[in-house]
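Here's the structure, in structure tokens; my notes come after.
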Amino acid sequence: MFQKAAALAALLLPAACTSGPQHTVETLNTRLRTELAPDAAAGRVVLTPQPDGAQVVFREPPLTPVGSTVLDDRDQYIMASVTEALLDLSLMHVAVAQAPGSPLGRDGARAQAAADYLRTYRVPVIAAQPLPAVTPQVPPGGLLVDIRVQCPTVPTRTAWGLETAYGPAQPACD
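Here is the structure:
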């Protein structure tokens, strides 16, 4: 009996260590690495994993004409890759920001266009704004997409000594 319990614990322990928020963040980063691999290899984007998500930096300036409020084809392709890599949207908190120093005075327009693109696909965007003047990882005119995983806390109650979830089904980090 003890041997069976020990064998079962040995099987379940690795799963327990990789579940929850950290596993969800690892899954997000793996998907982003896969989707953005061609653009990262070409130097167009830089993916930086974070403890609770990831940051994607668009390194090249936009190709759109001055005054344009839409993304150029290259930026749309990269944003599509980011969108496809996202997990359950209710777990994702996305912020878009643009570094100052955009050519021809376009500060903020690219970030707003990126936020609008994401909203078109129902990705909730927290902010679309210029970055502070000193942001070393984002070149002048570059774009930063900051993705954070927010795992909800599921309320529990005790039933016969066991904790059980109650209420409507909630998204969870697995």
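Residue numbers (the working numbering): 708 to 881.
Glycine is no exception: its CB is placed at the ideal position from the N, C-alpha and C atoms.
- State the beta-bridge partners of GLN857 as determined by DSSP. According to DSSP, which records beta bridges pairwise, GLN857 is partnered with nothing at all.
According to DSSP, which residues form a beta bridge with LEU735?
-> Beta-bridge pairing links LEU735 to no other residue.
Alpha carbons only, please: which of PRO758, GLY760, ALA818, GLN844 is nearest the one belonging to MET786? ALA818
Per the DSSP calculation, HIS800 is bridged to which residue(s)? ARG855
Start and end residues, beta strand (DSSP E) containing VAL763:
For VAL763, the enclosing beta strand (DSSP E) starts and ends at 760-765.
| query | What three-state label does DSSP hand PRO745 in the structure shown? | reply | Looking at PRO745 - three-state DSSP - the assignment turns out to be helix.
With burial defined as no fewer than 16 other Cβ atoms inside 10 Å of the residue's Cβ, what is the status of ALA744: buried or exposed? ALA744 sits exposed, since fewer than 16 C-beta atoms from the chains shown fall within 10 Å of its C-beta.
Check your understanding: Can you round the beta-carbon distance between VAL763 and VAL777 to whole angstroms, since I take them to be within the 8 Å contact cut?
Key -> So it is not a contact: roughly 19 Å between Cβ atoms.
Kindly indicate if chain C contains any beta-carbon less than 7 Å away from that of GLY760. Going by chain labels, chain C is absent from the structure shown, which holds only one protein chain.
| message | Closest to PRO768 by C-alpha separation, out of GLY849, ARG855, GLY815, ILE854, would be which residue? | response | GLY849
Item to check | Nearest-angstrom Cβ-Cβ length linking SER754 and ALA747, presumed shorter than 8 Å | outcome: The question names Ser, but residue 754 in the sequence shown is Leu. With 8 Å as the limit, LEU754 and ALA747 qualify as a contact, their Cβ atoms being about 6 Å apart.
Check your understanding: Around the C-beta of TYR784, are 16 or more other C-beta atoms found within 10 angstroms, so that it is buried, or is it exposed?
Key -> exposed
Practice item. Look at the alpha carbon of PRO875 and the alpha carbon of GLN805, and state the distance between them as a whole number of angstroms. Key: Caution applies to PRO875, whose pLDDT of 49 falls short of 50 and renders its modelled position unreliable; the model cannot decide the point.
Notebook entry, point to check: Does the distance from the CB of GLY760 to the CB of ILE854 come in under 7 Å?
Noted result: yes
Inset, instruction - Could you tell me if VAL841 is buried or exposed, where buried requires 16 or more neighbouring beta carbons within 10 angstroms of its beta carbon? - result: Confidence at VAL841 is low in this model, with a pLDDT of 48, below 50, so its placement is unreliable and no value can be given for it.
Check: How would you label ASP655, buried or exposed, when you count the other beta carbons within 10 angstroms and need 16 or more for buried?
Finding: Given that the chain is displayed from residue 708 to residue 881, the structure contains no residue 655 and the question cannot be resolved.
- Query: Quick one: what's got a C-beta closer than 7 Å to THR790's C-beta in the same chain, skipping five residues either side?
  - Reply: LEU825, TYR828, VAL830
Cα separation between SER797 and VAL856? 9 Å
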